[in-house]
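Quick note on numbering: the sequence shown equals residues 1 to 278 in the UniProt record's numbering.
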Amino acid sequence: MPHKIDRDTRLCISLSGRPSNIGTRFHNHLYEALSLNYVYKAFTTTDLPGAITGIRALNIRGCGVSMPFKEACIPFLDELDPSAAGLQSVNTIVNDTAENGGSRLRGYNTDYLAVRTLLDRHDVSPGLPFALRGSGGMARAVVCALRDSGFTNGTLIARNEAAGRRLADEYSLPWQPDSTGIAEGALLVNVTPLGMAGGPEADTLAFEPALIASAAQVFDVVAMPAETPLIRAAREAGKPVITGAEVIALQALEQFVLYTGVRPTDEQIAAAAAWSQG
Numbered sequence: 001m002p003h004k005i006d007r008d009t010r011l012c013i014s015l016s017g018r019p020s021n022i023g024t025r026f027h028n029h030l031y032e033a034l035s036l037n038y039v040y041k042a043f044t045t046t047d048l049p050g051a052i053t054g055i056r057a058l059n060i061r062g063c064g065v066s067m068p069f070k071e072a073c074i075p076f077l078d079e080l081d082p083s084a085a086g087l088q089s090v091n092t093i094v095n096d097t098a099e100n101g102g103s104r105l106r107g108y109n110t111d112y113l114a115v116r117t118l119l120d121r122h123d124v125s126p127g128l129p130f131a132l133r134g135s136g137g138m139a140r141a142v143v144c145a146l147r148d149s150g151f152t153n154g155t156l157i158a159r160n161e162a163a164g165r166r167l168a169d170e171y172s173l174p175w176q177p178d179s180t181g182i183a184e185g186a187l188l189v190n191v192t193p194l195g196m197a198g199g200p201e202a203d204t205l206a207f208e209p210a211l212i213a214s215a216a217q218v219f220d221v222v223a224m225p226a227e228t229p230l231i232r233a234a235r236e237a238g239k240p241v242i243t244g245a246e247v248i249a250l251q252a253l254e255q256f257v258l259y260t261g262v263r264p265t266d267e268q269i270a271a272a273a274a275w276s277q278g
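The following block contains the structure:
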């Protein structure tokens, strides 16, 4: 039976523009499996400073951060772990006790580690050219992971020219507003809300069908649904894929360890990942 919530239960939360049940199910499944007195709840907010003040005031142990708050939350934190400082993007906040007895909020980025792990796990060749669509905090983590995995030939695609050029220049990549002219045999990476359930572009493909058909591999970081329009189109074209469900499970695992200090077994992780997609 699930443990009962009491006054000693530690609360962990997430903040997202479009909350899902994935992280909630993943974390709570592991809390129960490991008999940890924690509970996890997903939230959205229109008052980010107030929400982070609430983390301090209520002694919330940890907070997962998703689009569009990954960069916007940084000014309200006390410090950044090197994983987040280099990217200037946060997907995890850990609340530790400061020397004065108050809260000290430290930002981390577990997205980067998840992407690097998946590129290696799926044996994606760094010799492939890549086309990455997106310019936000998650896009920064993915571009950095690609660079550090040896990918040097890429193009950044973003509708927001200012943000797109800024990120492209930071990593010495060309920017363009659409996928015109992308070479065949590329690794296509979507790091935008295109195809995300519940959004205004839930049925929109991040790349054109002809480009998908000519791609070497397709990677969609959108996790809701696991089978996005892009992933479905890639599978139908016979292309190997990396899904957002894989990303979210790996990054959530590292969040879980940061919050609890406990690393589950591979079997427990697999069970939690499967449950989270149920």
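We treat Cβ as the ideally placed atom computed from N, Cα and C, and that holds for glycine.
Since we're looking at a predicted model, the values are computed, not measured.
field: Of the residues Leu34, Pro209 and Thr110, the one placed nearest Val65, counting alpha carbons only
entry: By 1-based counting over the sequence shown, the position of residue 65 is 65. The shortest C-alpha separation from Val65 is found at Thr110.
- prompt: With which residues is Cys63 paired in a DSSP beta bridge?
  reply: The sequence position of residue 63 within the sequence shown is 63, counting from 1. Beta-bridge annotation (DSSP): Cys63 is paired with Ile13 and Ile93.
Under the three-state DSSP convention, the category Thr243 falls into: For the purposes of this step, residue 243 is identified with residue 243 of the sequence shown, where counting begins at 1. Look at Thr243 here: in three-state DSSP terms it is coil, with no helix or strand label.
message: Only counting the same chain, and skipping five residues up and downstream in sequence, which positions put a Cβ closer than 7 Å to that of Ala233?
response: The count along the sequence shown starts at 1 and reaches residue 233 at position 233. Hits under 7 Å: Leu205, Pro209 and Ile212.
field: Backbone secondary structure at Asp220 - three-state DSSP
entry: For the purposes of this step, residue 220 is taken as the residue at position 220 of the sequence shown. Assigned with DSSP and collapsed to three states, Asp220 falls in strand.
- prompt: Can you tell me whether Arg133 is buried or exposed, with buried defined as 16 or more other CB within 10 angstroms of its CB?
  reply: Along the sequence shown, read from residue 1 onward, the residue named residue 133 stands at position 133. Sixteen is the threshold: when 16 or more other Cβ atoms of the shown chains lie within 10 Å of the Cβ of Arg133, as they do, the residue is buried.
Supposed close pair Thr92, Tyr108 - CB separation, criterion 8 Å: In the sequence shown, the residue the question calls residue 92 occupies position 92. In the sequence shown, the residue the question calls residue 108 occupies position 108. Contact holds; Cβ gap of about 4 Å.
- prompt: For Val115, which of helix, strand or coil comes out of DSSP?
  reply: Here residue 115 is taken as the residue at index 115 of the sequence shown, counted from 1. Here Val115 sits in helix by DSSP.
message: If you follow the alpha helix (DSSP H) that Leu194 is in, where does it begin and where does it stop?
response: Along the sequence shown, one-based indexing puts residue 194 at 194. Element bounds for Leu194: n/a, residue is neither H nor E.
task: Could you tell me which of Arg116, Arg25 and Asp96 sits nearest to Cys144, measuring between CA atoms?
output: In the sequence shown, counting from the first residue as 1, residue 144 sits at position 144. Closest option to Cys144, Cα to Cα, is Arg116.
query: So what does Ser149 bridge to, in DSSP terms?
result: Translated into the one-based positions of the sequence shown, residue 149 becomes position 149. Partner(s): none; Ser149 has no beta bridge.
Proximal residues to Arg104 (C-beta, below 8 Å), its chain only, five neighbours per side dropped: On the sequence shown, residue 104 is found 104 positions in, with the first residue counted as 1. Within the same chain, Arg104 has close Cβ partners Asp78, Glu79, Asn95, Asp96, Thr97 and Ala98.
field: Ala162, buried or exposed, once every other Cβ within 10 Å from all chains shown has been counted against 16
entry: On the sequence shown, position 162 is the one that residue 162 refers to. Classification for Ala162: exposed.
Residue burial classification, residue 280 (beta-carbon count within 10 angstroms, cutoff 16): Within the shown structure, residues of the chain are numbered from 1 to 278, placing residue 280 beyond reach of any answer.
field: Alpha-carbon to alpha-carbon, Ala141 and Gly164
entry: Position 164 of the sequence shown, counted from the first residue, corresponds to residue 164. Position 141 of the sequence shown, counted from the first residue, corresponds to residue 141. Cα-Cα distance, rounded: 14 Å.
message: Assuming Pro126 and Gly150 are in contact, meaning their beta carbons sit under 8 Å apart, how far apart are those beta carbons, in whole angstroms?
response: In the sequence shown, the residue the question calls residue 126 occupies position 126. In the sequence shown, the residue the question calls residue 150 occupies position 150. Gly150 and Pro126 do touch by the CB rule: their CB atoms are close to 3 Å apart, below 8 Å.
field: For Ala42, the nearest candidate out of Cys12, Trp275 and Arg56 (CA to CA)
entry: Looking up residue 42 in the sequence shown gives position 42. For the residues Cys12, Trp275 and Arg56, the minimum Cα distance to Ala42 belongs to Cys12.
query: Going straight from the alpha carbon of Ile248 to that of Glu254, what length do you get?
result: Locating residue 248 in the sequence shown gives position 248, counting from the first residue. Locating residue 254 in the sequence shown gives position 254, counting from the first residue. So the two alpha carbons sit approximately 10 Å from each other.
- request: Give a single yes or no on whether Pro126 has its beta carbon closer than 6 Å to a heavy atom of the ligand FMN.
  value: Looking for the ligand FMN in the displayed structure turns up nothing, as the structure carries no ligands at all.
- prompt: Which partner residues of Glu79 appear in the DSSP bridge assignment?
  reply: Numbered from 1 along the sequence shown, position 79 holds the residue referred to as residue 79. For Glu79, the beta-bridge partners assigned by DSSP are Arg106.
- prompt: Roughly how far, in whole angstroms, is the beta-carbon of Ala33 from the beta-carbon of Gln268, given that I think they are within contact range, below 8 Å?
  reply: Working through the sequence shown from its first residue, we reach residue 33 at position 33. Working through the sequence shown from its first residue, we reach residue 268 at position 268. The C-beta distance from Ala33 to Gln268 rounds to 5 Å, short enough to fall under 8 Å.
query: What is the rounded straight-line gap between the Cα of Met179 and the Cα of Asp6?
result: Walking along the sequence shown from the start, residue 179 turns up at place 179. Walking along the sequence shown from the start, residue 6 turns up at place 6. A small fix is needed here, since residue 179 is Ser in this sequence, not Met. Going by the C-alpha atoms only, they are around 53 Å apart.
- request: Spatial neighbours of Asp203 within its chain, please: CB distance less than 7 Å, with the 5 preceding and 5 following residues excluded, ordered by chain position.
  value: As a first step, residue 203 must be located in the sequence shown, where it is residue number 203. The answer, listed in chain order, is Pro229.
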